Each structure stands twice: as C-alpha cells, then as structure tokens.
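All remarks here apply to the structure that follows.
Numbering (this note's numbering), first residue to last: 35 to 114.
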C-alpha cells in the first residue's frame, strides 16, 4: 500500500509542477511533439515500404501473366 501512495504522491506533485512551472510544461510539450513527429515519420516510412512491396508484387504478377499470354499461340485453330 505504501508504494501505491508513494507513486500517487509523485504523480500529483508532477502534475502540480507541470501546471505551475511554465518551463517544465514547455519541456514536456516539446518531448510529446518530438515523440509524435518521430512516430509519425516511422509510420510513414513503414507505409511506404509496404506500398513498394505491393507495387513490386503487382509488377511481378503482370510479368507472369504476360509470359503466360506469350506462350499461348495466337491462332488456336491448329489445336481444333
């Protein structure tokens, strides 16, 4: 029970400090903004990699279909 009270006390004290000290508030906001920008950048980078992989897969499928179509003769009357 003591550790819960200890954690709660410091949490409340941090909130009080955050509200009363503008320097601390600016620092915390700065950290939140930097973390958000970094996370968003990583998310965009991953999204771009996924799109590149999908594009390569579609190109490979297109090449495969084109090769299969080239194997089929134009005039199928010889098989009838």
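All residues carry an ideal CB built from backbone N, CA and C; glycine is no exception.
Predicted, not measured: the structure shown is a model, and the values here were computed from it.
Work out the CA separation of residue j and residue i for me, nearest whole Å.
i: residue 89; j: residue 106; result: 26 angstroms
i: residue 58; j: residue 92; result: 51 angstroms
i: residue 49; j: residue 75; result: 29 angstroms
i: residue 69; j: residue 95; result: 39 angstroms
i: residue 86; j: residue 77; result: 14 angstroms
i: residue 82; j: residue 104; result: 33 angstroms
i: residue 66; j: residue 100; result: 51 angstroms
i: residue 72; j: residue 64; result: 12 angstroms
i: residue 60; j: residue 79; result: 28 angstroms
i: residue 41; j: residue 84; result: 42 angstroms
i: residue 47; j: residue 55; result: 12 angstroms
For residue i, decide whether its Cβ has a neighbour in chain E, counting only Cβ atoms nearer than 9 angstroms.
i: residue 52; result: Chain labels in this structure do not include chain E; a single protein chain is all it has.
Over what stretch of residues does the alpha helix (DSSP H) that includes residue i continue unbroken?
i: residue 56; result: 56-105
What whole-angstrom Cβ distance do residue i and residue j have, given they're in contact under 8 angstroms?
i: residue 52; j: residue 62; result: 6 angstroms
Is it buried or exposed for residue i, if we count other Cβ within 10 angstroms and need 16 for buried?
i: residue 98; result: exposed
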